[in-house]
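Since the structure comes first, as structure tokens, the remarks are kept for the end.
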């Protein structure tokens, strides 16, 4: 049985650990841009970069570099609606809403600044997932509190220029290049191995596959971590297929980073809510398949019924109202034929209608 490494010892664990940060030209340039923008008074700063480029880790490193001059707060879950966000933020300050949550939160932020506390910086990772209404609340809060509150938004997609324009905000954009060249990737891999204290066998396994790791990851840190972790856990067989033969596709959008929040303080476990939403996607697909199979089985098992229809006809209608002549249409002076066996009418009455053929129809959707 193969043992799995703990995140602390796994050199390519998918966690944003600032201690494992490996400086690169692109990341250092982005960090300097973010820090200078905030220190120069920028109120809204957007970090843009492709999926897997390491934006989450950069925000953690930025928090450490701003410590002392700014008070950083991290949004635990980006899909909060406006009221949820305000209630969570108030609980993070150790307060509860006594009135309208947004106004109460603005007052608390202003009081912090008045008490001499350092400016507050909201770090919002995966800001692409922010509901528009929540983004508008954040921008209104920033405008109403001024320098007491700053926003740092990490995104992979295009900025919602219209929403920023409506709020009268012009964000400072900082771009992060997402790919390393071959030489930079080699240095990055060696640094991660040294930091984690990887044993010689692990290092030999990774170094023997550097060319293939480069071919499959193209220097994207997120893809590199996934491929290297699979190599360490399952062996080189996982890298057997050349990258060029695989179907090219974009990396899936990362799940929002979840910070554990004290349920007793906030009244809501947003991390549990995020996990439920992640789990709902495959469950919903399975439910759809299950429902379709149940319907198919019900249709296949529905018994056949014999329904009498008048001949000739071009439309099969399972209804006695159409299949039999209405009593209202029978002339009043002619007796209604009795429903006896097929053949001539008894007692010399009027001739019976022609015999009706019986068609085998399947009735669907009956309960």
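In my numbering, the protein residues as written are 896 to 1262.
C-beta atoms are modelled at their ideal positions from N, C-alpha and C, and glycine is treated no differently.
Confirm, please, whether the CB-CB distance from residue j to residue i is below 8 angstroms.
| i | j | result |
| --- | --- | --- |
| residue 1048 | residue 1022 | yes |
| residue 909 | residue 1120 | yes |
| residue 1083 | residue 919 | yes |
| residue 976 | residue 1029 | yes |
| residue 1122 | residue 1108 | yes |
| residue 905 | residue 966 | no |
| residue 954 | residue 1020 | yes |
| residue 1043 | residue 1004 | yes |
| residue 1100 | residue 1071 | no |
| residue 1073 | residue 971 | no |
Thinking just about the alpha-carbon of each residue, which of the options is nearest to the one in residue i?
| i | options | result |
| --- | --- | --- |
| residue 1025 | 1009, 928, 1054 | 1054 |
| residue 1096 | 1078, 1040, 1128, 1118 | 1128 |
| residue 915 | 941, 1056, 1092 | 1092 |
| residue 1075 | 1038, 1113, 1099, 1060 | 1113 |
| residue 1062 | 1039, 928, 1010, 996 | 1039 |
| residue 1115 | 1077, 1090, 1098 | 1077 |
Roughly how many angstroms lie between the CA atoms of residue i and residue j, to the nearest whole one?
| i | j | result |
| --- | --- | --- |
| residue 907 | residue 1124 | 6 angstroms |
| residue 1007 | residue 1000 | 11 angstroms |
| residue 934 | residue 1110 | 40 angstroms |
| residue 998 | residue 1086 | 48 angstroms |
| residue 924 | residue 930 | 10 angstroms |
| residue 1088 | residue 938 | 38 angstroms |
| residue 1033 | residue 1079 | 38 angstroms |
| residue 991 | residue 985 | 6 angstroms |
| residue 1154 | residue 1094 | Because residue 1154 carries a pLDDT of 44, less than 50, the predicted location of this residue cannot be relied on, and the following value inherits that uncertainty. Cα-Cα distance, rounded: 31 angstroms. |
| residue 926 | residue 979 | 30 angstroms |
| residue 943 | residue 1117 | 15 angstroms |
| residue 987 | residue 1002 | 14 angstroms |
| residue 1059 | residue 1027 | 11 angstroms |
| residue 1132 | residue 1081 | 21 angstroms |
| residue 994 | residue 1036 | 16 angstroms |
| residue 1130 | residue 940 | 42 angstroms |
| residue 1010 | residue 932 | 24 angstroms |
| residue 964 | residue 936 | 12 angstroms |
| residue 1098 | residue 1041 | 51 angstroms |
| residue 996 | residue 1031 | 14 angstroms |
| residue 973 | residue 989 | 21 angstroms |
| residue 1045 | residue 917 | 27 angstroms |
| residue 1090 | residue 928 | 26 angstroms |
At the 8 angstroms Cβ level, is residue i part of the contact set with chain B, yes or no?
| i | result |
| --- | --- |
| residue 911 | Absence of chain B from the displayed structure is noted, only one protein chain being present. |
Counting Cβ pairs, one atom from each stretch, are 3 or more of them under 8 angstroms apart for the stretch 948-960 and the stretch 1012-1026? yes
For the pair the stretch 1037-1051 and the stretch 943-952, tell me if three or more CB-CB distances fall below 8 angstroms. yes
At a cut of 8 angstroms, does the stretch 1093-1104 reach the stretch 1056-1076 through at least three beta carbon pairs? no
What residue ranges within the stretch 920-966 form continuous beta strand (DSSP E) runs of no fewer than 3 residues, ordered along the chain? 939-943
Uninterrupted beta strand (DSSP E) stretches inside the stretch 1010-1075 (no shorter than 3 residues): 1015-1019, 1044-1050, 1067-1070
Contained alpha helix (DSSP H) runs [length at least 4] in the stretch 1079-1145, N- to C-terminal order: 1095-1102, 1105-1112, 1116-1129
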